[in-house]
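Just so you know, we're using the working numbering here: the sequence shown kicks off at 32 and counts up by one.
Every residue gets a Cβ at the ideal spot worked out from N, C-alpha and C, and that includes glycine.
Computed from a prediction, not measured in an experiment: that's the story for all the values here.
Have a look at the structure below before the remarks.
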Amino acid sequence: MTGSADPLVISFGEMLIDFVPDTSGVSLAESCAFIKAPGGAPANVACAISKLGGNAAFVGKMGDDEFGRMLVDILRKNGVNTDGVCFDTEARTALAFVTLRKDGEREFMFYRNPSADMLLKESELNMGLIKQAKVFHYGSISLISEPCRSAHLAAMKVAREGGALLSYDPNVRLPLWPSEEAARSGIKSIWFDADFIKVSDDEVHFLTQGDPEKEDVVMTLWHDKLKMLLVTDGEKGCRYFTKNFRGRVTGFSAKVVDTTGAGDSFVGALLTAVARDPNIFHVSLSLSLTHTLALVFKTSFYYRLIG
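Next comes the structure, spelled out in C-alpha cells:
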C-alpha cells in the first residue's frame, strides 16, 4: 500500500490478461509470439492513481488461478488496496488478445465465456470499503451480463449513499456486447447517474451517430446532474464541458508507439486531482487538464506492467 493520505478512489470492474504481439503492426495470425501484460481499464486507472501518489482501491473478481493471483499481486505491489477483490473457483480470469496496428491503434479478441469478472455477485461486494470512497469509478463492461450488472448497480448505489462522486468511462468494447444497439442501450442505462463522464471522440460518434467535432452533438450527451463531461481527441488533446464553462486543451506532440492505457492514465490523473480538490469543477479547468495531460506521460508508458 502507498499509505497515501489522499481521499479514497475506488475503481470497479474488470482486470484481465492482455496478450500483445511482440511486433507492432501485425495481425494476431501473423504474430509469432505474444507478450503477457495485465490489463483492464478500471484496474489501469487504479494503478495510475497509486503511481501518482493517490489512494486507490480496486473492486472486482478474478479466477482462482495463476493469472488471477498474479493480477492481485501486481495491484498490491503497485500500492492498490485489494480488500474488494474476490476469487471464483469455477471460472477463469479473462484473457484478451490485442493487436497493435501500424497506426498504433488496437483491435481486440476476448476470451471470457464466462470469465470470473462476469460472475461477481452483490453478496460478494465489500460494502464497508465502497462506503469509504470519495470517488467511485467504473466502466460499462461490467453491465453486459448478470450477475455482475446487479453487483455494479448495487455498488454505485452504496457509493452514492456514502457521498462519493461517480465517475464513468464507458470504454466501449463492441465485441463483448450482443449487438451495437445493445451496447448503446446498456451504456446509456446508467448515464444519468454519473457526476462526470469521460468519452473519446470515437465513442461520441458511436453513442450519438453524429459528428464528434460538433459541440451540439457532444452536448446531446450532457445531463443536468453532470459536473463535467470530457471528450478525449487523441493527439489533439481534450475538450471539457461543465455547467459554467467549456474549453479545449491541446495535446503534447509525441511519436505514437502504442495507445494502450493512455486513456486510463488520463482518467487516473484526473481522478487523482478531483479527489484532492473537488472544487476543480468550479474553476477554470485549462491549467488542471494541462497538468493531467502531462501526467499521462508519467503513467501511460506503464501499460506493460498494468495493462
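So residue 295 and residue 79 are supposed to be a Cβ contact under 8 Å. How far apart are they, rounded? As a working note, residue 295 is residue 264 in the sequence shown. As a working note, residue 79 is residue 48 in the sequence shown. About 6 Å; that satisfies the 8 Å criterion.
Going by the CB atoms, is the gap between residue 215 and residue 238 shorter than 8 Å? Translated into positions along the sequence shown, residue 238 becomes position 207. Translated into positions along the sequence shown, residue 215 becomes position 184. Yes, the Cβ-Cβ distance between residue 238 and residue 215 is below 8 Å.
Determine the direct distance from the alpha carbon of residue 267 to that of residue 242, and round the result to whole angstroms. As a working note, residue 242 is residue 211 in the sequence shown. As a working note, residue 267 is residue 236 in the sequence shown. Whole-angstrom Cα-Cα distance: 16 Å.
Name the DSSP bridge partner or partners of residue 67? Along the sequence shown, read from residue 1 onward, the residue named residue 67 stands at position 36. Answer by DSSP bridge pairing, in chain order: 50.
Meets three-Cβ-pair contact criterion under 8 Å: the segment 199 to 210 and the segment 165 to 173: yes
Suppose the cutoff is 8 Å on Cβ atoms and the five residues either side in sequence are ignored; what does the same chain contact list for residue 190 look like? Counting from one through the sequence shown, the residue named residue 190 turns up at place 159. Closer than 8 Å at Cβ, skipping near neighbours: 41, 161, 162, 164, 167, 197.
Contact defined as beta carbons within less than 8 Å: I believe residue 229 pairs with residue 200. What is the distance between those atoms, to the nearest angstrom? As a first step, residue 229 is located in the sequence shown; it is residue number 198 there, counting from the start. As a first step, residue 200 is located in the sequence shown; it is residue number 169 there, counting from the start. 5 Å between Cβ atoms; contact.
Where the beta strand (DSSP E) containing residue 86 begins and where it ends: Taking the first residue of the sequence shown as 1, we reach residue 86 at position 55. Note, residue 86: beta strand (DSSP E), 86 to 94.
With H, G and I counted as helix, E and B as strand and the rest as coil, what does DSSP make of residue 165? Start at 1 with the first residue of the sequence shown, and residue 165 comes out as number 134. Correct three-state label for residue 165: coil.
Whole angstroms is fine: what's the gap from residue 39's alpha carbon to residue 68's? Translated into positions along the sequence shown, residue 39 becomes position 8. Translated into positions along the sequence shown, residue 68 becomes position 37. Taking the straight line joining both Cα atoms gives about 26 Å.
Checking the sheet assignment: what are the DSSP bridge partners for residue 129? By 1-based counting over the sequence shown, the position of residue 129 is 98. Answer is 139.
Looking at the secondary structure, which residues open and close the beta strand (DSSP E) in which residue 247 lies? If you number the sequence shown from 1, residue 247 lands on position 216. Not the beta strand (DSSP E): residue 247 falls in the alpha helix (DSSP H), residues 246 to 249.
According to DSSP, is residue 177 helix, strand or coil? Numbered from 1 along the sequence shown, position 146 holds the residue referred to as residue 177. If DSSP states are grouped into helix, strand and coil, residue 177 belongs with coil.
Sort out for me which residues DSSP pairs residue 123 with in a bridge. As a working note, residue 123 is residue 92 in the sequence shown. Paired residues: none, contrary to the question.
If contacts are defined as beta-carbon pairs under 8 Å, then residue 12 and residue 74 qualify, I think. What distance do you get, rounded to the angstrom? The question about residue 12 has no answer here: the residues shown for the chain are numbered 32 through 338.
Check each candidate in 305, 223, 251 and name the one with the smallest Cα separation from residue 235. Reading the sequence shown from its first residue, position 204 is the one you call residue 235. Minimum Cα distance to residue 235 is reached at 251.
Would you tell me roughly how many angstroms separate the C-alpha atoms of residue 156 and residue 115, rounded to the nearest one? By 1-based counting over the sequence shown, the position of residue 156 is 125. By 1-based counting over the sequence shown, the position of residue 115 is 84. Each residue's alpha carbon lies about 7 Å from the other.
How is residue 220 classed by DSSP in three states: helix, strand or coil? Start at 1 with the first residue of the sequence shown, and residue 220 comes out as number 189. DSSP places residue 220 in coil when its eight states are reduced to three.
Neighbour-count burial assignment, residue 143, 16 or more Cβ in a 10 Å radius: By one-based count along the sequence shown, residue 143 stands at place 112. The residue is buried, with at least 16 neighbouring Cβ atoms inside 10 Å.
Assigned exposure category for residue 278 - 16 Cβ within 10 Å defines buried: Along the sequence shown, one-based indexing puts residue 278 at 247. Under this definition residue 278 is an exposed residue.
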